[in-house]
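> The structure's right below; bear with me while I get my questions together.
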Amino acid sequence: MNFNFSDFITATGCALISAAVSFGVAKYEAARKLRELEAQWAHEQEQRKLEGFNSMLAAVARLFSSPVAEDRRRALSAIGEVRASADGKLYDLLSELFDAANSTDTKRLRSALDSVTKYQSEHAHDNDPK
């Protein structure tokens with residue numbers, strides 16, 4: 779068997795090209811999968827925020843029919859949890875809602891709750907990807 783240097787160069791070149799193509803495909807697929815996971819994570823985060831917001835609304839709404847200490851504590855806790863991840867105008871509105879829920883003034887509570895729900899409905903899709 780004769781050693782043919784040109785066959786060796788050809789085989790080595792083909793192996794290097796194959797490795798480069800495989801690396802490129804793997805890198806592309808990994809980046810694509812990462813983008814998919816980031817989109818899924820963002821969606822799940824928004825779902826958790828929405829669920830927390832809805833739980834807070836339910837807890838505050840219970841105060842209108844049952845303004846007992848335990849319901850007030852639940853409402854304040856729920857407002858605090860939502861407020862912890864809020865910022866800007868929503869944070870300010872939630873702070874007002876918290877203060878109103880901590881008082882016995884149902885008109886103030888209704889007004890604060892209306893302000894929060896109105897703001898949330900107007901800005902619900904502000905963080906959606908464009």
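Residues 779 to 908 in the numbering used here are what the sequence shown lists, from first letter to last.
Backbone N, C-alpha and C define an ideal beta-carbon position, used for all residues, glycine too.
With DSSP collapsed to three states, give me the class of Lys908.
Note that Lys908 scores a pLDDT of 43, beneath 50, so its modelled location is shaky and nothing firm can be said.
> For the putative contact between Ala853 and Ala879, defined by C-beta atoms under 8 angstroms, what is the C-beta separation to the nearest angstrom?
About 5 angstroms; that satisfies the 8 angstroms criterion.
> Just to confirm, are Ala864 and Glu874 a CB contact at a threshold of 8 angstroms?
No. Outside cutoff.
> Per DSSP, what kind of secondary structure is Phe781 in: helix, strand or coil?
Reduced to three states, the DSSP call for Phe781 is coil.
> Curious, which full-length alpha helix (DSSP H) runs of at least 4 residues does the stretch 856 to 906 contain?
Runs of the alpha helix (DSSP H) inside the stretch 856 to 906: 866 to 879 and 884 to 900.
> Does DSSP put Val846 in a helix, in a strand, or in coil?
The answer is coil: DSSP assigns Val846 none of H, G, I, E or B.
> Going along the chain, which residues of its own chain have a beta-carbon closer than 8 angstroms to the beta-carbon of Arg888, five neighbours each way excluded?
Phe842.
> Could you tell me if Phe801 is buried or exposed, where buried requires 16 or more neighbouring beta carbons within 10 angstroms of its beta carbon?
Exposed, since its Cβ has fewer than 16 Cβ neighbours within 10 Å.
> Is the separation between the beta-carbon of Ala856 and that of Met834 shorter than 8 angstroms?
Yes, the Cβ-Cβ distance between Ala856 and Met834 is below 8 angstroms.
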